[in-house]
Amino acid sequence: MTSRTPRRTTAVTTLVLGAALLTGCATMPSAPSAASTSATKAPATGSAGTSSASPIGSAAATASSSPTGTRGTTGHGMALPKGVTDPAAGLVVNAGTAAASAPTLEVYEDFQCPSCATVHASLGPTIKELAAAGKVRLVFHPMVFLDDKIGNDASKRVTNAAACAADAGAYLAYHHAAMSNQSSEGKGFSAEQIQQFARDAGLSGAALTTWQACEAAGTYRAYVLASEQTALASGVNGTPTFKVNGRELELNTLTPESLSKAVTDATQ
Numbered sequence: 050m051t052s053r054t055p056r057r058t059t060a061v062t063t064l065v066l067g068a069a070l071l072t073g074c075a076t077m078p079s080a081p082s083a084a085s086t087s088a089t090k091a092p093a094t095g096s097a098g099t100s101s102a103s104p105i106g107s108a109a110a111t112a113s114s115s116p117t118g119t120r121g122t123t124g125h126g127m128a129l130p131k132g133v134t135d136p137a138a139g140l141v142v143n144a145g146t147a148a149a150s151a152p153t154l155e156v157y158e159d160f161q162c163p164s165c166a167t168v169h170a171s172l173g174p175t176i177k178e179l180a181a182a183g184k185v186r187l188v189f190h191p192m193v194f195l196d197d198k199i200g201n202d203a204s205k206r207v208t209n210a211a212a213c214a215a216d217a218g219a220y221l222a223y224h225h226a227a228m229s230n231q232s233s234e235g236k237g238f239s240a241e242q243i244q245q246f247a248r249d250a251g252l253s254g255a256a257l258t259t260w261q262a263c264e265a266a267g268t269y270r271a272y273v274l275a276s277e278q279t280a281l282a283s284g285v286n287g288t289p290t291f292k293v294n295g296r297e298l299e300l301n302t303l304t305p306e307s308l309s310k311a312v313t314d315a316t317q
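Numbering-wise (our numbering), the sequence shown opens with residue 50 and increments by one.
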């Protein structure tokens with residue numbers, strides 16, 4: 050049986066989280082795929098975010114002689130950034146600090162989704178704290194469906210750039226810079242912004258030079274596309290989506306406190 054690649058569109062769901070009227074980005078196939086029979090939207094929050102006072106990533110990344118990921122891993126046929134051992138497994142940002150009993154917190158996002166930026170401003174500091182304390186195994190699953198909807202390649206470019214930053218241990222810092230300075234949906238990210246985010250993430254010297262080469266080459270473009278397909282196949286069709294040990298959290302009631310409680314309840 051021949052499968053057809055679903056056409057993706059963006060659906061908007063409105064809800065109220067706190068006192069704000071929020072909109073969510075969702076990618077919805079025109080026909081269900083074999084791997085996903087549900088079309089539930091993952092409601093997400095609001096308009097484009099602005100700079101936040103509490104960065105989710107550390108800006109302390111310093112120059113290193115040769116930051117590299119697990120590139121060209123046998124059996125995958127693609128370069129993989131640091132923190133990724135399998136395209137289907139997501140990017141782990143704190144593998145060295147997560148406690149053995151820590152639950153897995155998965156985050157599905159598209160860097161162009163305004164909703165993701167707003168949720169980042171609200172939940173980002175809590176996520177950073179949980180990851181730094183080793184209370185969660187923090188995994189990001191980048192999605193890039195808004196490129197098709199908007200007609201640009203900004204999500205792919207900035208996601209590749211963030212993956213390059215992961216090689217220097219600066220994924221969270223780059224993620225924060227991009228989410229905190231997102232343009233309105235449709236405008237994407239300029240080449241100058243993508244470069245500046247690396248500096249904002251603390252990259253300099255040899256680490257910045259290595260990042261620039263990685264970004265310019267589009268080293269992790271294949272991984273980015275594989276991550277998107279894996280997310281869609283698993284039934285995730287909205288951004289942002291949060292899961293704790295595989296259980297999707299209800300976004301319209303999610304607060305820093307309820308997220309912390311969900312993590313505590315899932316801790317073994």
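Where is the CB? At the ideal position from N, CA and C, for every residue including glycine. From a predicted model like this one, the values you see are computed outputs, not experimental measurements.
Checklist entry - Helix, strand or coil: which one does DSSP assign to Tyr272? => result helix
Checklist entry - Ends of the alpha helix (DSSP H) at Lys310? => result 305-315
Item to check | Touch test, the segment 240-253 against the segment 183-197, Cβ-Cβ under 8 Å, three pairs minimum | outcome: no
Checklist entry - Using CA coordinates, which residue listed in Thr167, Ala149, Pro130 is at the minimum distance from Ala271? => result With distances taken between Cα atoms, Ala271 lies closest to Pro130.
Next on the checklist: Could you check whether Trp260 and Ala247 sit closer than 7 Å to each other, using their CB atoms as the reference points?
Outcome noted: yes
Next on the checklist: Just to confirm before moving on: does the CB-CB distance between Ala315 and Pro152 stay below 7 Å?
Outcome noted: yes
Checklist entry - Cα separation between Ala211 and Ala166? => result If you take the alpha carbons of Ala211 and Ala166, they lie about 15 Å apart.
Next on the checklist: Rounding to the nearest angstrom, what Cα-Cα distance links Thr288 and Thr175 in this structure?
Outcome noted: When only Cα atoms are considered, Thr288 and Thr175 end up about 18 Å apart.
Item to check | Segment contact flag, the segment 132-144 with the segment 212-225, C-beta cutoff 8 Å, min 3 pairs | outcome: yes
Next on the checklist: Tell me the residue span of the alpha helix (DSSP H) that contains Glu178.
Outcome noted: 163-181
Next on the checklist: The alpha helix (DSSP H) that contains Val207, what's its start and end?
Outcome noted: 203-215
Checklist entry - Quick one: what's Lys292 bridged to in DSSP? => result BP columns for Lys292 point to Glu155, Glu297.
Next on the checklist: Mapping the DSSP letters down to three states, classify Ala75 as helix, strand or coil.
Outcome noted: strand
Item to check | Alpha carbon of Lys198 to alpha carbon of Gly284, nearest angstrom | outcome: C-alpha of Lys198 to C-alpha of Gly284: approximately 19 Å in a straight line.
Checklist entry - So Glu277 and Met192 are in contact, right, with Cβ under 8 Å, and what is the actual spacing, rounded? => result Contact flag correct, Cβ pair sits at about 5 Å.
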